Amino acid sequence: MFIKNNYLILFIILFKYSVAVRNKEIDENYQRLIPLNQIPNNCEHSKDNELNSEPAKEYGFVENIGLEKCKVWLDEEQSTSSDENGHYERYKCKHLRVHGHFNEETGKCECKKNWKGLICNEFNGCPVNYSYFLNVCTANVCQHEGQLALGSKHIECICKAPWDGRFCERLACWRMADKDDGEIR
């Protein structure tokens, strides 16, 4: 009886811990985040396969251009017509770049001032391949050992527990904090 009770208590503790402490692997739309290192280095894989079963295969890193939604990028590359209203370029700035903006004059998505890289995540004032977060140069825009990933709305980070936020910058428990007059303690 004593051993059964100990196993039951141990099971309850492990269950509570496993439910309470989770990595952030989905975005706010409950879509699984796609780690950027799983996205292929080009869009050649999309030419032969119209229906990609893996979400990561819908995208590719095009050399000297950046992260692209392959089907749209290939269609634009092969057609003589361009994205006259800039719909795809606007989408790209919002969803496929960390610090991108749409240039109304050129109709293209560009990195914001002082930002560079295939996804506009490298800061010009920092060492090569470094980003800038909270006034500090950092090797990774994702804080607390997070991993850059593509979400349904924008590029964000897969966060190790107990971290949360777009760039793993806050503790996940902030949602459970008591509120007093609308302020989180």
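Heads up: the sequence shown is residues -20 to -1, 1 to 165, going by mature numbering (1 follows the signal peptide of the UniProt record, and there is no 0). All residues carry an ideal CB built from backbone N, CA and C; glycine is no exception. On a predicted model such as this, the values are computed, not experimentally measured, just so you know.
Considering only residues of the region 4 to 45, which uninterrupted beta strand (DSSP E) runs meet the minimum length of 3 residues and lie entirely inside it, listed in chain order?
If only complete runs of 3 or more residues are kept, the region 4 to 45 shows the beta strand (DSSP E) at 39 to 42, in order along the chain.
Could you check where the alpha helix (DSSP H) with C89 kicks off and where it finishes?
Start at 1 with the first residue of the sequence shown, and residue 89 comes out as number 109. Run containing C89: none in the alpha helix (DSSP H); it sits in the beta strand (DSSP E), K88 to C91.
Could you tell me whether the region 1 to 18 touches the region 122 to 135, where touching means 3 or more Cβ pairs closer than 8 angstroms?
yes
Using a threshold of 7 angstroms, state whether the C-beta atoms of E48 and G40 are closer than that.
Position 68 of the sequence shown, counted from the first residue, corresponds to residue 48. Position 60 of the sequence shown, counted from the first residue, corresponds to residue 40. Yes. Within cutoff.
Give the DSSP-derived three-state secondary structure of K96 in the structure shown.
Here residue 96 refers to the residue found at position 116 of the sequence shown. DSSP places K96 in strand when its eight states are reduced to three.
So, using beta-carbon positions, are N3 and K140 closer together than 7 angstroms?
Counted from its first residue, the sequence shown places residue 3 at position 23. Counted from its first residue, the sequence shown places residue 140 at position 160. Yes, the Cβ-Cβ distance between N3 and K140 is below 7 angstroms.
Between Q58, I19, H124 and G145, which has its C-alpha nearest L98's C-alpha?
Working through the sequence shown from its first residue, we reach residue 98 at position 118. Residue I19 is the option with its Cα nearest to L98.
For a quick check, are the C-beta atoms of H124 and C148 less than 7 angstroms apart?
In the sequence shown, counting from the first residue as 1, residue 124 sits at position 144. In the sequence shown, counting from the first residue as 1, residue 148 sits at position 168. The answer is yes: Cβ separation under 7 angstroms.
Own chain partners of G145 with C-beta closer than 6 angstroms, once the 5 adjacent residues on each side are dropped:
To locate residue 145, count along the sequence shown from 1; it is residue 165. Around G145, the same chain offers no residue with a beta carbon nearer than 6 angstroms, after the five sequence neighbours per side are excluded.
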